[in-house]
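J.: Got a structure here, written out as structure tokens. Questions coming.
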Ligand SMILES: Nc1ncnc2c1ncn2[C@@H]1O[C@H](COP(=O)(O)OP(=O)(O)O)[C@@H](O)[C@H]1O
Ligand SMILES: [Mg+2]
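Residue numbers (this note's numbering): 15 to 711.
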């Protein structure tokens, strides 16, 4: 099909043409060079002018015997430009005709796109998109192809949506399009093996039990938070005298009980938590060889399982599978992780028990034939180390600016044009980067089997919520037993509440280079919060200067940072004229922001920025709550940014974080507030109106 004629200046590697046919960005076109070769090109850009439409083309080359060559003479103006035929595209791009069939090249007559299974197995893959745009659907398509090619896979399935691979697709509106993609309905009941935990056990599923002999390091790794040093020493001293390398949870609990330290109780409670998962057993457990078999896909259904238990499962499974693969006890296979941002979160977005092992597999899995497939709707939230190891990246629509940014930062070859394209991809169209040299737009084929993801219409509302799910929680370390043991008076009531803090991830330029830190702002008072000697400490009065005019702010901050100063010093340092400074000082004094001390001025704001930066809260956050109620902030998120503007670092991302406290209502009617991380009493909260605002008292 003729689509136009070459106009203007031409080169050997690019040309423009006046469009007369129907053509879209990223489409492939063909034209002849002066030596009469058929040359393949790709539309980079299309511009509409008053009287004509112009397209810019990048030249990809022509086929000469078996090699791809670039023209050596510039194209002749007026040459005809055609839509490229499938054969030319296939030959110049070097597209494979076998492998995993995922769909048709967008804009082609029917050119099937195959991914190379070897590449997936050794170089990892990421599927990235907003939710509802077809990630799980595409993963389902790939799993069908794995089965057809007898490639084993283990799938971490937090929403329980992959089981339906067992049944043939019955949706009429999808079956209708099957001939276009050359597929037929088919279920994979024999090949799909479903595993569930005790808690979500369903019919036709096997019980996921893992080998319950654990090293003490494994036990430490699996605890839902980092233990304090005293708690750690309880574990170490308990295992020190023993000859054993591996323990059952009961065995290690017996050792810990013998320990004399009062910290042992919190250790015992986490050991009990591990045991309560019912995940570990000394017999009848599932081995890596059960999970990874030729022609079989194992689905690990984690629907309805608490997030920390999910991470424990992923940690232990990934570790055992990786070790088994290293020792060649199982064949090469692919490990697929849905919602991967929950299992390997980026720094500053919480911590996961499974982070480290997934990072190891991302960097070393290729050597041992363990492929990783990560799926996430928040590319910005997934560990960059993991994402950057995925050499094949498949994008469906991504719109969140942070997500786009993190993708362009960690993936090579994402041009501005491609970036724009990714923002507008329709459902079911994927942009595949890294499979071959050129990014490919693929219309993902219809699944042979049933898909159980949320229907497209329903996901719309859900999508918006998700973009907003910027809430994180600090994990309490000082647990109920600890509180009870430390209480000096009789307890009437005990409650865990979460206090709101805004967390701002900020970039700072330091002599050692750029540094990213979390700065916290109190969600009630707007003061900056930091951690000094194990207690949260707040600035005081900082909110007063928010609405000051620039020079007023400068004077207030100068005095806050440098202590006392005379009129002359302020005027000299800040280069403010005397008459103007007199006005400013009068206004600041009137508002109570500064006052006079002898002949000098001082600030009434208490905020030592150096101290804040040196004593930041370093505790990590997780994406879920342990227990108790979270109290919504009084201040809007914007206020936090305004406060931060005062010392001017770039806030990369803002999130709401909740900090846990125990409220102790004592028998004499008084209230105590105890920091649920450090176990220290908190006098600030006790006297703040936060406590009064709680209805429970
Ligand atoms: N290639 C496709 N062909 C047809 N429908 C699709 C395709 N991809 C996605 N869909 C539709 O979009 C819905 C959401 O896709 P899904 O993969 O579940 O989204 P998510 O990205 O959240 O995992 C599916 O239920 C299906 O109806
Ligand atoms: Mg999904």
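The beta carbon of each residue, even a glycine, is placed where N, CA and C say it ideally should be.
According to DSSP, which residues form a beta bridge with residue 349?
T.: 168 and 386
J.: Is the CB-CB distance between residue 450 and residue 142 below 8 Å?
T.: no
J.: Using the C-alpha atoms, what's the distance from residue 316 back to residue 479?
T.: Reliability of the predicted coordinates at residue 479 is poor, the pLDDT of 37 falling under 50, and the value obtained from them is presented with this limitation in mind. In this structure, the CA atom of residue 479 is about 22 Å from the CA atom of residue 316.
J.: Please report the straight-line C-alpha distance between residue 627 and residue 529, rounded to a whole angstrom.
T.: 12 Å
J.: When you compare only the Cα positions, how much space is there between residue 481 and residue 200?
T.: Reliability of the predicted coordinates at residue 481 is poor, the pLDDT of 41 falling under 50, and the value obtained from them is presented with this limitation in mind. Looking at the two C-alpha atoms, the distance is approximately 35 Å.
J.: Nearest to residue 684 by CA position, among 624, 593 and 503, is which residue?
T.: 503
J.: Give me whichever residues DSSP pairs with residue 705 in a beta bridge.
T.: In the DSSP output, where bridge partners are listed per residue, residue 705 has none listed.
J.: If I measure Cβ to Cβ from residue 164 and keep anything under 8 Å in the same chain, skipping five residues before and after, which residues do I get?
T.: 308 and 309
J.: Candidates 560, 118, 541 and 234: which alpha carbon is nearest residue 622's?
T.: 541
J.: Three or more beta-carbon pairs under 8 Å between the stretch 394-408 and the stretch 134-141, yes or no?
T.: Contact between the stretch 394-408 and the stretch 134-141 is present: three or more C-beta pairs spanning the two stretches fall below 8 Å.
J.: Report all residues from its chain with a CB closer than 6 Å to the CB of residue 328; omit the five preceding and five following residues, and keep chain order.
T.: Cβ within range, chain order: 170, 357 and 368.
J.: Secondary structure at residue 288, three-state DSSP: helix, strand or coil?
T.: helix
J.: Pair every Cβ in the stretch 173-193 with every Cβ in the stretch 283-298, then say whether three or more of these pairs are closer than 8 Å.
T.: no
J.: Quick check: what's the CA-CA separation for residue 714 versus residue 193?
T.: Residue coverage of the chain in this structure runs from 15 to 711, which leaves residue 714 outside it and unanswerable.
J.: Between the Cα of residue 633 and those of 533, 578 and 705, spot the shortest distance and give me the residue it belongs to.
T.: 533
J.: Going straight from the alpha carbon of residue 299 to that of residue 222, what length do you get?
T.: 7 Å
J.: Do you know whose CA, among 398, 630, 423 and 189, lies nearest residue 465's CA?
T.: It is 189 whose Cα lies nearest to the Cα of residue 465.
J.: Is the closest heavy atom of ligand 1 to the C-beta of residue 143 under 7 Å?
T.: yes
J.: With 8 Å as the threshold, decide whether the Cβ of residue 515 is near any Cβ in chain D.
T.: The displayed structure is made up of one protein chain only, and chain D is not part of it.
J.: Work out the CA separation of residue 595 and residue 657 for me, nearest whole Å.
T.: 24 Å
J.: Specify the secondary structure class of residue 309 as computed by DSSP and reduced to three states.
T.: coil
J.: So what's residue 689 in DSSP terms, helix, strand or just coil?
T.: strand
J.: Decide yes or no for the touch test of the stretch 389-402 against the stretch 410-424: beta carbon pairs closer than 8 Å, at least 3 of them.
T.: By the Cβ criterion, the stretch 389-402 is in contact with the stretch 410-424, since at least three pairs of Cβ atoms, one from each stretch, lie closer than 8 Å.
J.: How far does the beta strand (DSSP E) with residue 457 in it extend, from its first residue to its last?
T.: 454-458 is the span of the beta strand (DSSP E), which, as asked, contains residue 457.
J.: Give me the Cβ distance between residue 531 and residue 522, rounded to the nearest whole Å; I'm assuming they're in contact under 8 Å.
T.: 6 Å
J.: If we ignore side chains and look at the alpha-carbon of each, how far apart do residue 682 and residue 645 end up?
T.: 25 Å
J.: According to the neighbour-count rule (16 or more other Cβ atoms, all chains shown, within 10 Å of its Cβ), is residue 59 buried or exposed?
T.: exposed
J.: Let me check understanding here. Comparing Cα to Cα, which of 237, 20, 336 and 686 lies closest to residue 321?
T.: Answer by Cα proximity: 237.
J.: Got a sec? Which residues, its chain only, sit under 6 Å from residue 168 by beta carbon, not counting five neighbours each side?
T.: 305, 312 and 349, listed in sequence order.
J.: Determine the contact status of residue 244 and residue 277, defining contact as a CB-CB distance below 8 Å.
T.: yes
J.: Nearest-angstrom Cα distance between residue 572 and residue 388?
T.: 49 Å
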